[in-house]
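Quick note on numbering: the sequence shown equals residues -8 to 205 in the working numbering.
We put the beta carbon where it would ideally sit given N, CA and C, even for glycine.
Here's the structure, in C-alpha coordinates; my notes come after.
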Amino acid sequence: MFLLYAVLAGLVAGLALGGRLRSLGAMRLRWAWLIVAGMAIQGLLYSEPIGERVAQLGPAVGPGLYIGSIVLVLAAVVRNIRIPGLALVAVGAAANLAAIVANGGYMPVSPEALGSHVPSGGYSNSVTAPDPALRFLTDIFALPDWLPAGNVFSVGDVFIGLGIATAIVVQMRRGAGMDRPVLIIDSWPRHGLPPTRPVGVRCGPATPPSGRPD
(Lines of atoms letter the chains of each structure in order from A and count residues from 1; the text may use other names and numbers.)
(Lines give C-alpha, C1' and ligand atoms only; values in the text may rest on other atoms or scores of the structure.)
Protein backbone atom coordinates (compact mmCIF):
# COMPACT_ATOMS: atom_id res chain seq x y z
CA MET A 1 0.00 0.00 0.00
CA PHE A 2 3.01 2.28 0.33
CA LEU A 3 3.18 2.65 -3.46
CA LEU A 4 -0.52 3.52 -3.59
CA TYR A 5 0.19 6.55 -1.42
CA ALA A 6 3.07 7.44 -3.76
CA VAL A 7 0.66 7.43 -6.71
CA LEU A 8 -1.82 9.59 -4.82
CA ALA A 9 0.94 12.01 -3.82
CA GLY A 10 2.06 12.27 -7.45
CA LEU A 11 -1.46 13.00 -8.63
CA VAL A 12 -2.03 15.66 -5.99
CA ALA A 13 1.34 17.30 -6.66
CA GLY A 14 0.75 17.20 -10.41
CA LEU A 15 -2.60 18.96 -10.08
CA ALA A 16 -1.18 21.50 -7.62
CA LEU A 17 1.55 22.37 -10.13
CA GLY A 18 -0.92 22.95 -12.94
CA GLY A 19 -0.78 19.52 -14.55
CA ARG A 20 -3.67 17.67 -16.14
CA LEU A 21 -4.82 14.13 -15.50
CA ARG A 22 -5.54 13.45 -19.16
CA SER A 23 -1.88 14.01 -19.97
CA LEU A 24 -1.10 10.70 -18.26
CA GLY A 25 -2.78 8.93 -21.18
CA ALA A 26 -0.03 10.19 -23.47
CA MET A 27 2.70 8.30 -21.59
CA ARG A 28 4.08 5.48 -23.72
CA LEU A 29 5.75 2.54 -22.00
CA ARG A 30 7.75 0.01 -23.99
CA TRP A 31 7.48 -3.62 -22.93
CA ALA A 32 4.45 -2.71 -20.81
CA TRP A 33 3.28 -6.32 -21.05
CA LEU A 34 6.19 -7.31 -18.80
CA ILE A 35 4.89 -4.99 -16.09
CA VAL A 36 1.39 -6.40 -16.47
CA ALA A 37 2.72 -9.97 -16.31
CA GLY A 38 4.87 -9.28 -13.25
CA MET A 39 2.08 -7.54 -11.35
CA ALA A 40 -0.38 -10.28 -12.32
CA ILE A 41 1.93 -12.95 -10.89
CA GLN A 42 2.23 -11.06 -7.62
CA GLY A 43 -1.51 -10.49 -7.47
CA LEU A 44 -2.18 -14.19 -7.94
CA LEU A 45 0.39 -15.12 -5.30
CA TYR A 46 -1.20 -12.78 -2.78
CA SER A 47 -4.70 -14.14 -3.41
CA GLU A 48 -5.49 -16.60 -0.64
CA PRO A 49 -6.65 -19.66 -2.66
CA ILE A 50 -3.81 -19.52 -5.18
CA GLY A 51 -1.21 -18.53 -2.62
CA GLU A 52 -2.07 -21.54 -0.49
CA ARG A 53 -1.94 -23.81 -3.53
CA VAL A 54 1.47 -22.47 -4.50
CA ALA A 55 2.75 -23.09 -0.96
CA GLN A 56 1.68 -26.73 -1.28
CA LEU A 57 3.79 -27.16 -4.41
CA GLY A 58 7.02 -26.71 -2.47
CA PRO A 59 8.93 -24.16 -0.42
CA ALA A 60 10.87 -22.82 -3.41
CA VAL A 61 7.98 -22.29 -5.82
CA GLY A 62 6.51 -19.16 -4.27
CA PRO A 63 9.83 -17.34 -3.79
CA GLY A 64 10.91 -18.31 -7.30
CA LEU A 65 7.75 -16.92 -8.84
CA TYR A 66 8.01 -13.76 -6.78
CA ILE A 67 11.63 -13.13 -7.78
CA GLY A 68 10.70 -13.80 -11.41
CA SER A 69 7.89 -11.24 -11.23
CA ILE A 70 10.28 -8.58 -9.93
CA VAL A 71 12.75 -9.34 -12.72
CA LEU A 72 10.00 -8.89 -15.31
CA VAL A 73 8.97 -5.50 -13.94
CA LEU A 74 12.58 -4.37 -13.53
CA ALA A 75 13.37 -5.29 -17.14
CA ALA A 76 10.48 -3.13 -18.36
CA VAL A 77 11.54 -0.24 -16.13
CA VAL A 78 15.10 -0.36 -17.45
CA ARG A 79 13.75 -0.42 -21.00
CA ASN A 80 11.96 2.88 -20.24
CA ILE A 81 14.78 4.39 -18.19
CA ARG A 82 14.66 7.66 -20.16
CA ILE A 83 11.23 8.50 -18.75
CA PRO A 84 11.79 10.96 -15.86
CA GLY A 85 11.53 9.19 -12.53
CA LEU A 86 12.00 5.64 -13.78
CA ALA A 87 15.71 5.66 -12.95
CA LEU A 88 14.68 5.99 -9.30
CA VAL A 89 12.20 3.15 -9.75
CA ALA A 90 14.96 0.97 -11.21
CA VAL A 91 17.27 1.71 -8.27
CA GLY A 92 14.53 0.88 -5.78
CA ALA A 93 13.48 -2.32 -7.53
CA ALA A 94 17.09 -3.47 -7.77
CA ALA A 95 17.58 -2.78 -4.05
CA ASN A 96 14.49 -4.81 -3.14
CA LEU A 97 15.55 -7.62 -5.47
CA ALA A 98 19.00 -7.73 -3.87
CA ALA A 99 17.52 -7.99 -0.37
CA ILE A 100 15.06 -10.69 -1.42
CA VAL A 101 17.62 -12.83 -3.25
CA ALA A 102 20.12 -12.48 -0.40
CA ASN A 103 17.49 -13.80 2.04
CA GLY A 104 16.36 -16.86 0.14
CA GLY A 105 13.50 -15.35 -1.81
CA TYR A 106 11.84 -13.51 1.06
CA MET A 107 11.89 -9.89 2.20
CA PRO A 108 12.82 -9.78 5.89
CA VAL A 109 10.78 -7.42 8.06
CA SER A 110 11.89 -6.14 11.43
CA PRO A 111 9.59 -6.95 14.36
CA GLU A 112 9.56 -3.24 15.30
CA ALA A 113 8.26 -2.24 11.87
CA LEU A 114 5.82 -5.14 11.69
CA GLY A 115 4.05 -4.10 14.89
CA SER A 116 0.33 -4.59 14.39
CA HIS A 117 0.57 -5.02 10.61
CA VAL A 118 -0.51 -8.63 10.27
CA PRO A 119 -0.15 -10.15 6.76
CA SER A 120 -3.34 -11.38 5.12
CA GLY A 121 -3.96 -15.02 4.27
CA GLY A 122 -2.25 -16.71 1.36
CA TYR A 123 1.32 -16.36 0.20
CA SER A 124 3.50 -13.77 1.89
CA ASN A 125 6.94 -12.73 0.75
CA SER A 126 7.73 -11.25 4.17
CA VAL A 127 9.50 -13.09 6.98
CA THR A 128 10.87 -12.00 10.33
CA ALA A 129 14.55 -12.77 10.81
CA PRO A 130 16.85 -11.94 13.73
CA ASP A 131 19.87 -11.12 11.59
CA PRO A 132 18.91 -10.79 7.89
CA ALA A 133 21.40 -10.21 5.10
CA LEU A 134 21.48 -6.64 3.77
CA ARG A 135 19.33 -5.52 6.68
CA PHE A 136 19.45 -1.86 5.62
CA LEU A 137 17.59 -2.83 2.41
CA THR A 138 14.86 -4.85 4.13
CA ASP A 139 11.46 -3.73 5.46
CA ILE A 140 12.58 -1.72 8.47
CA PHE A 141 10.01 1.08 8.18
CA ALA A 142 6.25 1.18 8.67
CA LEU A 143 3.46 3.53 7.76
CA PRO A 144 1.62 5.09 10.73
CA ASP A 145 -1.12 2.93 12.20
CA TRP A 146 -3.70 5.68 11.63
CA LEU A 147 -3.28 5.47 7.85
CA PRO A 148 -5.72 3.15 6.05
CA ALA A 149 -4.11 -0.03 4.73
CA GLY A 150 -0.85 0.69 6.52
CA ASN A 151 2.10 -1.57 5.80
CA VAL A 152 5.84 -1.98 6.13
CA PHE A 153 8.28 -0.73 3.52
CA SER A 154 11.96 -0.57 2.65
CA VAL A 155 14.49 1.93 1.36
CA GLY A 156 13.91 0.44 -2.09
CA ASP A 157 10.20 1.16 -1.77
CA VAL A 158 11.02 4.80 -0.98
CA PHE A 159 13.02 5.10 -4.22
CA ILE A 160 10.24 3.40 -6.17
CA GLY A 161 7.63 5.70 -4.66
CA LEU A 162 9.64 8.83 -5.39
CA GLY A 163 10.22 7.65 -8.95
CA ILE A 164 6.56 6.91 -9.58
CA ALA A 165 5.46 10.26 -8.13
CA THR A 166 8.09 12.06 -10.23
CA ALA A 167 6.98 10.32 -13.41
CA ILE A 168 3.35 11.24 -12.75
CA VAL A 169 4.10 14.91 -12.00
CA VAL A 170 6.36 15.37 -15.03
CA GLN A 171 3.90 13.72 -17.39
CA MET A 172 0.94 15.72 -16.05
CA ARG A 173 2.82 18.99 -16.44
CA ARG A 174 4.25 18.05 -19.84
CA GLY A 175 0.84 18.28 -21.48
CA ALA A 176 -0.47 21.15 -19.37
CA GLY A 177 0.33 23.86 -21.94
CA MET A 178 -0.74 22.03 -25.07
CA ASP A 179 -4.23 23.55 -25.20
CA ARG A 180 -3.40 27.12 -24.28
CA PRO A 181 -3.93 29.73 -26.98
CA VAL A 182 -0.68 31.03 -28.40
CA LEU A 183 -0.45 34.23 -30.41
CA ILE A 184 1.60 33.63 -33.52
CA ILE A 185 3.80 36.58 -34.45
CA ASP A 186 5.10 37.04 -37.96
CA SER A 187 8.45 38.79 -37.69
CA TRP A 188 9.00 39.07 -41.43
CA PRO A 189 7.57 41.88 -43.58
CA ARG A 190 5.11 40.49 -46.12
CA HIS A 191 3.46 42.30 -49.01
CA GLY A 192 4.51 45.71 -47.75
CA LEU A 193 3.04 45.26 -44.24
CA PRO A 194 5.19 46.14 -41.24
CA PRO A 195 6.97 43.31 -39.44
CA THR A 196 5.96 41.84 -36.09
CA ARG A 197 2.27 41.60 -36.84
CA PRO A 198 -0.08 39.02 -35.36
CA VAL A 199 -1.29 36.59 -37.98
CA GLY A 200 -3.43 34.22 -35.95
CA VAL A 201 -4.06 32.23 -32.83
CA ARG A 202 -3.59 28.51 -32.43
CA CYS A 203 -3.57 26.03 -29.57
CA GLY A 204 -0.24 24.52 -28.68
CA PRO A 205 3.20 25.37 -27.37
CA ALA A 206 4.85 28.51 -28.61
CA THR A 207 7.49 27.84 -31.28
CA PRO A 208 9.81 30.29 -33.02
CA PRO A 209 8.89 31.24 -36.59
CA SER A 210 10.64 29.26 -39.27
CA GLY A 211 11.18 29.65 -42.96
CA ARG A 212 12.34 32.59 -45.03
CA PRO A 213 10.61 35.84 -45.93
CA ASP A 214 8.57 36.10 -49.09
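The alpha carbon of Phe144 has as its nearest neighbour, out of Val160, Ala84, Ala93, the alpha carbon of Ala84. Taking Leu(-1) as reference, the option from Pro102, Tyr37, Val160 with the minimal CA-CA separation is Val160.
Take Ser60, set aside five residues on each side of it, and the residues of its chain with a beta-carbon closer than 7 Å to its own are Gly29, Ile32, Gln33, in chain order. Annotation: Ile72 to Ala78 spans about 5 Å, alpha carbon to alpha carbon.
Rounded to whole angstroms, Glu103 and Asp148 show a C-alpha spacing of 18 Å.
If you look at Phe(-7), you'll find it in the alpha helix (DSSP H) that goes -7 to 7. If you look at Asp148, you'll find it in the alpha helix (DSSP H) that goes 146 to 165.
Between the alpha carbons of Leu153 and Ala(-3) lies a gap of roughly 7 Å. Rounded to whole angstroms, the separation of the alpha carbons of Leu35 and Leu105 is 23 Å. Distance between Asp136 and Met98, taken at the CA atoms: about 21 Å. Between the alpha carbons of Leu128 and Leu56 lies a gap of roughly 21 Å. The residue from Thr119, Val80, Gly76, Ala81 with its alpha-carbon nearest to that of Gly96 is Thr119. The residue from Arg165, Val100, Gly16, Gly9 with its alpha-carbon nearest to that of Asn142 is Val100. Leaving aside the five residues that flank Phe(-7) on each side, the residues in its chain whose CB is nearer than 7 Å to its CB run, in chain order, Leu134, Asn142, Phe144, Asp148, Gly152. Counting C-beta atoms within 10 angstroms of its own C-beta, Pro139 has fewer than 16 neighbours from the protein chains shown and is therefore classed as exposed. Where Met18 is concerned, there is no enclosing alpha helix (DSSP H), because DSSP gives it neither an H nor an E. Here Leu63 is near Ile26, since their CB atoms are less than 9 Å apart. In terms of Cβ geometry, Ala158 and Gly76 form a close pair [threshold 9 Å]. Contiguous beta strand (DSSP E) elements confined to the region 10 to 71 do not occur, taking only those with 3 or more residues. Burial is judged here by how many other beta carbons sit within 10 angstroms of a residue's own beta carbon; Gln162 has at least 16 and is buried. Residue pairing of Asp130 in beta bridges, as defined by DSSP: Val100. One alpha carbon belongs to Gly166, the other to Trp24, and they sit about 25 Å apart.
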